[in-house]
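A short worksheet on the structure shown next.
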Amino acid sequence: MDKDVFSSFHPLVNFVWFTTVLLFSMFFMHPVFLTISLTCSFVYSVVLNGKKAVRFNLLYLLPLLFFVALINPAFNHAGETILFYLKNGNPVTLESIIYGIAAAAMFIAVILWFSCYNAVMTSDKFIYLFGRVIPALSLILSMVLRFVPRYKAQIKIIANTQKCIGRDVASGNFFRRAHNGIRILSIMTTWALENAIETADSMKSRGYGLPGRTSFSIFRFDKRDKTALLFMVILIAIVLYGAAIGQNNIRFFPSIKMPVMNGSSILIYCAYFFLSLIPIIIDAAEEIKWKHIRSRI
Amino acid sequence: MQHQFLSDRKRLSRRTLVAALLIVLVIPLTILFGVYFLDDRKYYFISMLIIIYTMLPFVMVFEKRKPQARDLVIIAVLSAIAVAGRAAFFMVPQFKPVVAIVIIAGVCFGAEAGFLVGAMTGFVSNFFFGQGPWTPWQMFCFGIIGFIAGILFQKGILKKGKWPLCIFGGLATFFIYGGIIDLGSLLIFTSDFSWPALLATYVSGFWFNIVHAVATVFFLFILARPMIEKLDRIKIKYGLLEP
Amino acid sequence: METYQIEDLTFTYPLAAKPALDHINFYVSNGEFVTICGKSGCGKSTLLRHLKSILTPHGERKGEIFFNGADIVDIDQRTQTEKIGFVLQNPDNQIVTDKVWHELAFGLESLGYDNQTIRLRVAEMASFFGIQNWFMKNVTELSGGEKQLLNLASIMAMQPSVLILDEPTSQLDPIAAADFLYTVKKINRELGTTVILSEHRLEEVLPISDRVIVMEDGKLIVNETPQKAGEILKDMKHDMFLAMPSPMRIYAGLKNGLACPITVSDGRKWLNTLIGDKTVGKKPHAPTPQAPLRQIASKFSPEPPAICFKEVWYRYEKEQPDIIKGLSMEVAAGKLYCVVGGNGTGKTTTLLLVSGILTPYRGKVLLKGKDVAKMNGKEKFSHNLGVLPQNPQSLFVKKTVELDLHEMLDGSRLTKEEKAKEIERIVALCELDGLLEMHPYDLSGGEQQRAALAKVLLLNPQILLLDEPTKGLDGYFKIKLAGILKKLTDNGVTIMMVSHDIEFCASYADICAMFFDGNIVTENDPQTFFSGNTFYTTAANRMARQFFPDAVTTEEVIRQCSINS
Numbered sequence: 001m002d003k004d005v006f007s008s009f010h011p012l013v014n015f016v017w018f019t020t021v022l023l024f025s026m027f028f029m030h031p032v033f034l035t036i037s038l039t040c041s042f043v044y045s046v047v048l049n050g051k052k053a054v055r056f057n058l059l060y061l062l063p064l065l066f067f068v069a070l071i072n073p074a075f076n077h078a079g080e081t082i083l084f085y086l087k088n089g090n091p092v093t094l095e096s097i098i099y100g101i102a103a104a105a106m107f108i109a110v111i112l113w114f115s116c117y118n119a120v121m122t123s124d125k126f127i128y129l130f131g132r133v134i135p136a137l138s139l140i141l142s143m144v145l146r147f148v149p150r151y152k153a154q155i156k157i158i159a160n161t162q163k164c165i166g167r168d169v170a171s172g173n174f175f176r177r178a179h180n181g182i183r184i185l186s187i188m189t190t191w192a193l194e195n196a197i198e199t200a201d202s203m204k205s206r207g208y209g210l211p212g213r214t215s216f217s218i219f220r221f222d223k224r225d226k227t228a229l230l231f232m233v234i235l236i237a238i239v240l241y242g243a244a245i246g247q248n249n250i251r252f253f254p255s256i257k258m259p260v261m262n263g264s265s266i267l268i269y270c271a272y273f274f275l276s277l278i279p280i281i282i283d284a285a286e287e288i289k290w291k292h293i294r295s296r297i
Numbered sequence: 001m002q003h004q005f006l007s008d009r010k011r012l013s014r015r016t017l018v019a020a021l022l023i024v025l026v027i028p029l030t031i032l033f034g035v036y037f038l039d040d041r042k043y044y045f046i047s048m049l050i051i052i053y054t055m056l057p058f059v060m061v062f063e064k065r066k067p068q069a070r071d072l073v074i075i076a077v078l079s080a081i082a083v084a085g086r087a088a089f090f091m092v093p094q095f096k097p098v099v100a101i102v103i104i105a106g107v108c109f110g111a112e113a114g115f116l117v118g119a120m121t122g123f124v125s126n127f128f129f130g131q132g133p134w135t136p137w138q139m140f141c142f143g144i145i146g147f148i149a150g151i152l153f154q155k156g157i158l159k160k161g162k163w164p165l166c167i168f169g170g171l172a173t174f175f176i177y178g179g180i181i182d183l184g185s186l187l188i189f190t191s192d193f194s195w196p197a198l199l200a201t202y203v204s205g206f207w208f209n210i211v212h213a214v215a216t217v218f219f220l221f222i223l224a225r226p227m228i229e230k231l232d233r234i235k236i237k238y239g240l241l242e243p
Numbered sequence: 001m002e003t004y005q006i007e008d009l010t011f012t013y014p015l016a017a018k019p020a021l022d023h024i025n026f027y028v029s030n031g032e033f034v035t036i037c038g039k040s041g042c043g044k045s046t047l048l049r050h051l052k053s054i055l056t057p058h059g060e061r062k063g064e065i066f067f068n069g070a071d072i073v074d075i076d077q078r079t080q081t082e083k084i085g086f087v088l089q090n091p092d093n094q095i096v097t098d099k100v101w102h103e104l105a106f107g108l109e110s111l112g113y114d115n116q117t118i119r120l121r122v123a124e125m126a127s128f129f130g131i132q133n134w135f136m137k138n139v140t141e142l143s144g145g146e147k148q149l150l151n152l153a154s155i156m157a158m159q160p161s162v163l164i165l166d167e168p169t170s171q172l173d174p175i176a177a178a179d180f181l182y183t184v185k186k187i188n189r190e191l192g193t194t195v196i197l198s199e200h201r202l203e204e205v206l207p208i209s210d211r212v213i214v215m216e217d218g219k220l221i222v223n224e225t226p227q228k229a230g231e232i233l234k235d236m237k238h239d240m241f242l243a244m245p246s247p248m249r250i251y252a253g254l255k256n257g258l259a260c261p262i263t264v265s266d267g268r269k270w271l272n273t274l275i276g277d278k279t280v281g282k283k284p285h286a287p288t289p290q291a292p293l294r295q296i297a298s299k300f301s302p303e304p305p306a307i308c309f310k311e312v313w314y315r316y317e318k319e320q321p322d323i324i325k326g327l328s329m330e331v332a333a334g335k336l337y338c339v340v341g342g343n344g345t346g347k348t349t350t351l352l353l354v355s356g357i358l359t360p361y362r363g364k365v366l367l368k369g370k371d372v373a374k375m376n377g378k379e380k381f382s383h384n385l386g387v388l389p390q391n392p393q394s395l396f397v398k399k400t401v402e403l404d405l406h407e408m409l410d411g412s413r414l415t416k417e418e419k420a421k422e423i424e425r426i427v428a429l430c431e432l433d434g435l436l437e438m439h440p441y442d443l444s445g446g447e448q449q450r451a452a453l454a455k456v457l458l459l460n461p462q463i464l465l466l467d468e469p470t471k472g473l474d475g476y477f478k479i480k481l482a483g484i485l486k487k488l489t490d491n492g493v494t495i496m497m498v499s500h501d502i503e504f505c506a507s508y509a510d511i512c513a514m515f516f517d518g519n520i521v522t523e524n525d526p527q528t529f530f531s532g533n534t535f536y537t538t539a540a541n542r543m544a545r546q547f548f549p550d551a552v553t554t555e556e557v558i559r560q561c562s563i564n565s
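See the structure below:
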């Protein structure tokens with residue numbers, strides 16, 4: 001994760017990229033597009049999360065892919081190529097099976113992109129991006145993120161304390177346990193609310209509520225951010241052009257119909273591929289640069 | 001805080017105005033756009049956008065009125081408790097106190113607070129459990145339950161007693177949360193909306209939703225009274241009940 | 001010019017019978033360092049909160065407060081936010097956001113500064129405090145002392161002209177507290193910021209204060225330089241003296257016409273002039289060698305020790321280093337056994353091992369000869385082991401102290417009368433009369449702790465574990481606590497306590513043990529224990545050791561002085 005250079009770009013760059021990539025992979029069902037988004041999301045998730053991601057992807061996402069692929073033909077009976085009939089008399093069609101596979105690939109790609117999103121778009125970037133638009137809610141978000149770890153620690157302390165007066169969550173029958181669990185939650189609530197009075201005091205004392213509050217950020221919009229954003233915009237424009245001329249989607253029902261491939265479709269595929277690959281390209285370029293610098297030392 | 005969060009007529013009307021604008025203008029436009037331009041993915045996109053639109057008025061009104069430190073602190077504390085509660089019961093799937101806490105927040109601090117606590121909980125807990133296409137749906141469901149709880153309480157339909165809250169909580173969890181989330185996941189998974197598919201989703205989700213609803217009833221049964229007492233006490237301590 | 005001028009300030013809380021502040025008059029000059037002290041509940045916090053309008057509690061106020069010559073009521077919130085910095089007691093509660101950088105910028109954001117200015121101010125502050133390396137951290141990663149420094153820094157970033165601190169070190173361990181106070185003094189000295197600080201641990205504060213204000217029952221009773229204040233309190237024979245630094249207390253205990261010493265080094269000089277000549281013949285102090293760990297004393301006594309560790313090893317995770325390293329020790333029944341030592345040496349872990357919350361990966365922990373690991377919860381915690389947590393608030397469930405006490409006996413087989421009788425007994429022991437109807441969170445720190453102790457004692461424990469029981473308590477409450485503990489040990493209860501409070505351990509422990517690097521280095525009765533140490537000993541001992549090496553408490557030093565002079 002530390003070696004991911006794309007994460008160090010300006011949050012706006014990160015956010016624009018993730019939003020487009022997510023939306024595009026949810027929209028475009030063309031096989032080439034699906035292959036591109038599935039491959040790129042898989043590679044980037046491994047770059048970000050390492051071996052853990054490989055294991056997770058294979059262990060959970062692969063079965064999920066089959067499940068989603070199978071569930072679709074069970075309910076979707078459109079399409080003209082009927083393969084066989086189910087027991088209840090409904091037909092299973094080739095089109096619905098292919099659509100199921102496509103939908104599954106898309107779904108997995110979205111999940112993978114989100115796993116990358118979770119690693120890159122940390123809460124502080126989100127708070128920065130929305131700090132100006134929705135300052136109060138962003139601050140609440142920051143406060144909740146501050147409180148949650150604190151409350152989790154406090155739950156542990158209270159649980160131990162309760163254990164020491166013979167009220168253990170881990171012993172007794174289900175009802176007893178759940179009751180003790182809720183006791184802990186209840187003690188925690190009082191503690192949290194009472195202590196938060198001082199938090200409110202501390203906010204007031206530091207002038208929260210004065211008109212004209214600004215939003216400080218540690219992020220800088222550098223030249224490289226500008227360059228990256230520019231490239232992104234160009235690539236996005238090309239992909240959107242493809243969408244406008246109907247190159248990015250296929251028709252599944254009643255029969256499968258793909259748009260005719262031509263020179264411009266190659267360009268559009270490449271644009272989408274490079275767009276999806278931006279973080280990986282940036283990471284690789286950085287890697288090469290460092291190898292070069294090291295070799296000179 | 002009722003008078004803080006809700007009873008201000010002006011504010012209520014502004015929210016109604018924004019909401020009306022959305023319903024009359026933006027939502028139909030979205031649907032039209034979806035139907036004409038999006039083919040297979042239209043159901044998912046239209047539904048997701050509508051969900052996001054419904055949350056906007058709350059956000060705008062809340063930001064507009066420049067909330068005070070204590071409003072922020074209370075919403076943050078309750079959301080954090082709900083998130084920590086969701087995390088604390090991680091070993092039992094679906095058996096979570098979140099809806100219970102959101103309902104209590106709505107009843108004690110008004111509909112707006114209920115909505116914000118719910119939506120914030122849905123959002124932040126996914127920072128810990130992972131964001132995904134389900135995030136807006138969860139935010140909306142938790143939020144709207146808190147909102148309805150607040151409205152019903154304000155109108156005097158919902159009482160602060162243990163049983164009314166339990167009944168409301170159980171129904172809300174099963175029908176509102178379960179109903180909308182299952183619809184959402186159906187739309188994420190498949191292209192074509194069909195009634196049999198929806199029915200099948202509801203059937204397969206039935207036990208999950210039952211467990212969830214039972215959990216809410218259970219938590220409300222035990223938590224409601226002490227929690228409401230605590231919150232009422234806090235209202236006095238924060239000076240929220242002073243004229 | 002006066003920073004603050006308080007004229008005839010009287011304040012009454014709503015529904016309160018008598019005023020919390022009673023005709024207070026004083027001023028604070030520009031650049032001064034003023035310490036306000038007094039027992040818990042004397043009105044210190046209420047007074048400080050009046051110095052910044054937004055924090056002032058609701059109630060009826062009479063009299064005037066002038067800040068830089070203007071009535072504070074007329075000063076707008078923006079100026080007050082910027083010019084009056086306020087640090088509260090609990091380091092954790094004051095932190096609002098999840099990142100250090102955001103916290104540092106919080107006040108400046110409120111004041112509406114642009115990014116560039118905030119960046120500069122924050123950079124300046126972080127460098128001044130030496131906390132630039134924390135900048136990108138999450139606040140959860142900081143220790144308690146670091147959190148309080150962060151709070152201070154985030155207030156100083158607004159460049160206030162006066163800094164008000166309400167018991168800022170009460171939740172910190174002594175080393176972190178000393179660091180914190182050093183920083184406050186640095187701010188006062190190098191930036192010229194006026195400091196008004198309330199505190200009940202005065203050993204470190206008084207030497208750096210220009211003036212001391214002593215309050216009692218909402219009244220201001222002394223307002224003088226530390227030295228003068230000491231002399232006045234001595235003449236008044238005021239019990240506030242219990243909170244004063246040891247040199248001052250020793251000074252007060254002896255008839256003399258000299259100036260009042262404040263620091264240990266002052267005290268040494270003072271003692272030299274007082275009795276120096278008369279003890280010329282006395283042999284110079286040679287440290288008494290510490291006795292080695294007493295081995296298995298139980299061999300000779302028929303009773304097994306209350307707590308016994310047999311070569312216990314513990315670590316939290318397999319990959320992590322050992323926290324407890326082959327610890328062997330015994331606590332005899334009916335004794336108050338105090339474990340002292342620095343942070344992170346494994347003291348609290350040891351308590352968790354005794355209570356069975358943690359289990360050693362090698363070795364055994366025995367309670368009265370029985371292996372803790374093999375006892376079930378009921379066996380362990382009813383009529384056997386009681387644990388008072390460091391934060392008593394983690395015990396309170398109900399809305400009044402009385403209900404909370406009754407709640408402890410839910411599920412016990414006692415009849416209603418027996419329960420009431422039992423509660424009555426414990427309430428008397430813990431001196432909770434008059435507090436039963438209160439909400440536990442409305443009690444003061446010391447009262448909360450006694451209420452929590454009462455809850456634990458209702459389980460009738462034979463072994464009591466205490467984690468930092470004197471944290472945040474003033475001298476008066478400490479004496480009360482000591483009295484309760486004494487009664488318990490007299491009744492045969494064994495108490496094992498972990499503490500940073502050397503003075504308390506020296507005065508009341510039966511056995512003191514020094515914890516270091518996962519093991520006990522030495523243990524002995526307090527007198528031998530502390531007189532054998534050179535650094536890690538009481539202020540009284542450090543001050544008087546050239547004359548009376550074995551005197552470790554102020555009382556003992558006073559006694560020996562009066563014999564010798």
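Residue numbers (my numbering), protein chains in the order written: chain H, 1 to 297; chain X, 1 to 243; chain W, 1 to 565. Virtual Cβ for every residue (Gly too), placed ideally from N, Cα, C.
Residue-chain proximity (residue i, chain W), Cβ-Cβ < 8 Å
| i | result |
| --- | --- |
| glutamate 63/X | no |
Option nearest residue i by Cα separation, candidates the options
| i | options | result |
| --- | --- | --- |
| leucine 453/W | Val212/W, Thr494/W, Thr349/W, Leu405/W | Leu405/W |
| alanine 153/H | Lys237/W, Ser198/W, Ser394/W | Ser394/W |
| valine 120/H | Thr19/H, Met232/H, Gly263/H | Thr19/H |
| tyrosine 361/W | Val312/W, Gly344/W, Asn343/W | Val312/W |
| valine 73/X | Arg177/H, Thr161/H, Ser202/H, Ile82/H | Ser202/H |
| aspartate 501/W | Asp510/W, His238/W, Leu197/W, Arg201/W | Arg201/W |
Supposed contact pair residue j and residue i - C-beta distance, whole angstroms, cut 8 Å
| i | j | result |
| --- | --- | --- |
| phenylalanine 208/X | glutamine 68/X | The Cβ separation is near 39 Å, so there is no contact. |
| aspartate 210/W | threonine 225/W | 7 Å |
| alanine 157/W | leucine 108/W | 6 Å |
| serine 7/H | serine 25/H | About 20 Å; that fails the 8 Å criterion. |
Assigned exposure category for residue i - 16 Cβ within 10 Å defines buried
| i | result |
| --- | --- |
| isoleucine 278/H | buried |
| cysteine 505/W | buried |
Min CB distance residue i to chain X below 8 Å
| i | result |
| --- | --- |
| phenylalanine 147/H | yes |
| glycine 209/H | yes |
| serine 186/H | yes |
Residue i Cβ short of 7 Å to the ligand MG heavy atom set
| i | result |
| --- | --- |
| proline 211/H | This structure simply doesn't include the ligand MG, nor any ligand for that matter. |
Residue-level contact to chain H via CB, residue i, 8 Å cutoff
| i | result |
| --- | --- |
| proline 164/X | no |
| threonine 522/W | no |
Name the residues in the region 134-148 of chain W whose C-beta lies less than 8 Å from a C-beta of chain X; which are they?
Flagged: no residues at all.
Give the residues from the region 90-119 of chain W that approach chain H closer than 8 Å (Cβ to any Cβ), ordered along the chain.
Those residues of the region 90-119 of chain W that come within reach of chain H (Cβ to Cβ, closer than 8 Å) are Asn90, Asp92, Asn93, Gln94, Ile95, Val96, Thr97, Asp98, Lys99, Trp101, His102, Ala105, Phe106, Gly107, Leu108, Glu109, Ser110, Leu111, Gly112, Tyr113, Asp114, Asn115, Ile118, Arg119.
Going along the region 150-176 of chain H in order, which residues come within less than 7 Å of chain X, judged by CB to CB distance?
For the region 150-176 of chain H, the residues whose beta carbon sits under 7 Å from a beta carbon of chain X are, in order, Tyr151, Lys152, Ile155.
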